[in-house]
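Reading through the structure tokens given below for one structure.
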């Protein structure tokens, strides 16, 4: 929806309702599979360094599985599924696999993981429950944690393209470091 079609509520900076954010993310609520390339820049502000990576993201709804695969600069595969996170790094003899059980993450770790999963699945209901959401521009939204002490992020911004796909995410961590992720055109089934 363009600025001309924006409601008075959106233009006044009042928080969006669950229904309004659900409508914005509706394309993601009933898909079976999503695959998309990404470019990620991690800005470590405290040491003045930026780390850039590229890879692929896959969401498989039926299996409740999320796959975040970094291809460059070095391979890293993170798979989130019911109850665990599997991290594979390195290649050949240097390959390492770690499996983290959600039940072992502790309360803060579990909350951080729940926040991450809500973002990766673009779960409108979970995001609405965790964040106050404002429309800050055409197809651009700001997310502020409802409970800042329980969130790994201070603030997030999401830019959708004209078709409603996520084009860019900006995540400001409590440490003041940030992550910017730009997504390509997704393959959705």
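In my numbering, the protein residues as written are 67 to 255. Glycine included, each C-beta is placed from N, C-alpha and C at the ideal position.
By Cβ distance, which residues of its chain are closer than 6 angstroms to residue 75, with the 5 residues on each side in sequence left out?
At residue 75 the pLDDT is 47, less than 50, meaning the model places this residue with poor confidence and gives no usable figure here.
Cβ atoms of residue 210 and residue 107: under 8 angstroms apart, would you say?
no
With respect to the alpha helix (DSSP H) encompassing residue 89, which residues constitute its N-terminal and C-terminal limits?
84-90
Do three or more CB pairs link the region 194-206 to the region 79-89 at distances below 8 angstroms?
yes
What residues in its chain sit with their C-beta under 6 angstroms from that of residue 206, if we drop five residues either side in the sequence?
225
On the three-pair Cβ rule with 8 angstroms, is the region 109-122 touching the region 81-99?
no
Rounded distance between the beta-carbons of residue 102 and residue 252, thought under 8 angstroms
4 angstroms
Determine the burial state of residue 140: buried for a count of at least 16 other Cβ atoms within 10 Å of its Cβ, exposed for fewer.
exposed
Do residue 181 and residue 147 come within 8 angstroms of each other at the CB atom, strictly closer than that value?
no
Backbone secondary structure at residue 216 - three-state DSSP
helix
Reference residue 90, options 244, 194 and 105, closest by Cα
194
Inter-residue spacing [alpha-carbon to alpha-carbon] between residue 230 and residue 93:
7 angstroms
Which residue or residues does DSSP assign as beta-bridge partners of residue 162?
155
Keeping to the same chain, check which residues put their C-beta closer than 6 angstroms to that of residue 242; ignore five residues upstream and five downstream.
111
Based on the DSSP output, what are the partners of residue 224 in its beta bridges?
207 and 235
Below 8 angstroms between beta carbons: does that hold for residue 232 and residue 249?
yes
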